[in-house]
Ligand SMILES: Cc1cc2nc3c(=O)[nH]c(=O)nc-3n(C[C@H](O)[C@H](O)[C@H](O)COP(=O)(O)O)c2cc1C
């Protein structure tokens, strides 16, 4: 097993066995939607479906990028993909770098399209690989490998900064992103991995021709935490300490969704610490077009296909229930319901120049 394969296995094991959760909230705990005592609709008629990257989804939900590259990863991908296909939700694969470097591992990614022939499938490649010299050709190979409907390019400066021998070359990435956008035949999604995205970067990415942004903010899986545990296992004291002090680094998911959705026309995927259908509805009301979750689905996938399906069904039911309680018959209506933001999240947004008028305080 080579070094990347070992690292992939460690990520899965440590995410499942150790505490890798940020200790601060997503900000969604400060977000309130207004209850409608007279919703003027029947719960049964709430229509949760959306269209994204040319695919029809039963609800605005995506299994975020998790894995690929090892036999264990293939098993997990197969379970995740079957659930995505059956329940008509989207699915992202983990970084395909390993398959580009070692084509013998391609089948661990291809299994996703095999098990989910009609689902929205999103490919994945990292910024460090782009600044190292990969470009549109490699990106297109990722797309073709799994017949992806879109390609996510992950941004993970925090993880690389902590990782032993991390790849911290982030200079010139924007130019490379532009090259990929122009050179591949599907939409590009720029995706963080747990630290959120500020509006300044979102505006630049929109100018670069990117179509969507997965904010993946603070509040869920912390890569500083994952790298802290890895460093501890391999006896790297400095990285261990670095991971600990940066455990909660970044922009909370709710803040990132408001900043980026109010400053650009990008499609926004909210992720990072979203765990329930109620949080999912709040994220959409704040301005997201869809929501992603990684760790909860990984945990259920290793329990088995039934546990995963049951969990996704529950989330979808929670989501539909909130749509009913705020009187939103369609997802587009949910995007326009009034939102109240309290406490630290409101204060953070205010200091960044976003006022309640920007996130709709009253029904219109
Ligand atoms: C085990 C594991 C592996 C991951 N690998 C990738 C990856 O290869 N590419 C990527 O873009 N994000 C990756 N992520 C990040 C997730 O897609 C997501 O952005 C992050 O975990 C926050 O979501 P969560 O709080 O729901 O877990 C991974 C997450 C986990 C838990």
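In the working numbering, the protein residues as written are 27 to 390.
Backbone N, C-alpha and C fix where the C-beta goes; we use that ideal spot for every residue, glycine too.
Keep in mind that this is a model prediction, so the values were computed, not measured.
My assumption, with CB atoms under 8 Å, is that residue i sits in contact with residue j. Please give the rounded CB distance.
| i | j | result |
| --- | --- | --- |
| residue 234 | residue 203 | 5 Å |
| residue 341 | residue 126 | Their Cβ separation, rounded to whole angstroms, is 33 Å, which puts residue 341 and residue 126 out of contact at 8 Å. |
| residue 314 | residue 338 | Not really, about 18 Å apart at Cβ, beyond 8 Å. |
| residue 147 | residue 138 | 6 Å |
| residue 319 | residue 90 | 6 Å |
| residue 41 | residue 324 | 6 Å |
| residue 199 | residue 156 | 6 Å |
Can you tell me which of the three DSSP states residue i falls into?
| i | result |
| --- | --- |
| residue 45 | coil |
| residue 195 | coil |
| residue 319 | strand |
| residue 143 | coil |
| residue 370 | helix |
| residue 67 | coil |
| residue 218 | strand |
| residue 86 | coil |
| residue 174 | coil |
| residue 101 | helix |
| residue 163 | helix |
| residue 132 | coil |
| residue 60 | coil |
| residue 384 | helix |
| residue 118 | strand |
| residue 30 | helix |
| residue 81 | strand |
| residue 38 | helix |
| residue 390 | Unreliable positioning characterises residue 390 in this predicted model, as indicated by a pLDDT of 46, which lies under 50. The coordinate reading is nonetheless provided below. Coil, per DSSP. |
| residue 402 | Given a span of 27 to 390 for the chain in the structure shown, any question on residue 402 remains unanswerable. |
| residue 92 | coil |
| residue 379 | coil |
| residue 210 | coil |
| residue 19 | A question about residue 19 goes unanswered here, because the residues of the chain that appear run from 27 up to 390. |
| residue 53 | coil |
| residue 277 | coil |
| residue 149 | strand |
What residue from the options has the CA that sits closest to residue i's CA?
| i | options | result |
| --- | --- | --- |
| residue 45 | 273, 201, 149 and 54 | 273 |
| residue 209 | 177, 240 and 229 | 177 |
| residue 31 | 54, 57 and 99 | 99 |
| residue 141 | 48, 284, 385 and 106 | 106 |
| residue 306 | 279, 48 and 260 | 279 |
| residue 151 | 182, 143 and 136 | 182 |
| residue 287 | 299, 270 and 228 | 228 |
| residue 326 | 256, 83, 33 and 92 | 92 |
| residue 297 | 168, 133 and 246 | 246 |
| residue 317 | 78, 382 and 192 | 78 |
| residue 80 | 237, 153 and 349 | 237 |
| residue 189 | 361, 168, 250 and 155 | 250 |
| residue 48 | 336, 349, 357 and 254 | 254 |
| residue 308 | 322, 386, 334 and 336 | 386 |
| residue 248 | 232, 218 and 231 | 218 |
| residue 149 | 156, 131 and 173 | 173 |
| residue 321 | 195, 37 and 28 | 37 |
| residue 379 | 289, 55 and 130 | 289 |
| residue 391 | 50, 55 and 163 | In the structure as shown, the chain starts at 27 and stops at 390, and residue 391 therefore has no counterpart that could be examined. |
| residue 372 | 358, 311, 123 and 281 | 281 |
Inset, instruction - Within the segment 222-268, note down every full beta strand (DSSP E) run reaching 3 residues or more, in order along the chain. - result: 238-240
Inset, instruction - Enumerate, from N- to C-terminal direction, the unbroken beta strand (DSSP E) stretches of 3 or more residues contained entirely within the segment 289-368. - result: 293-296, 316-319 and 365-367
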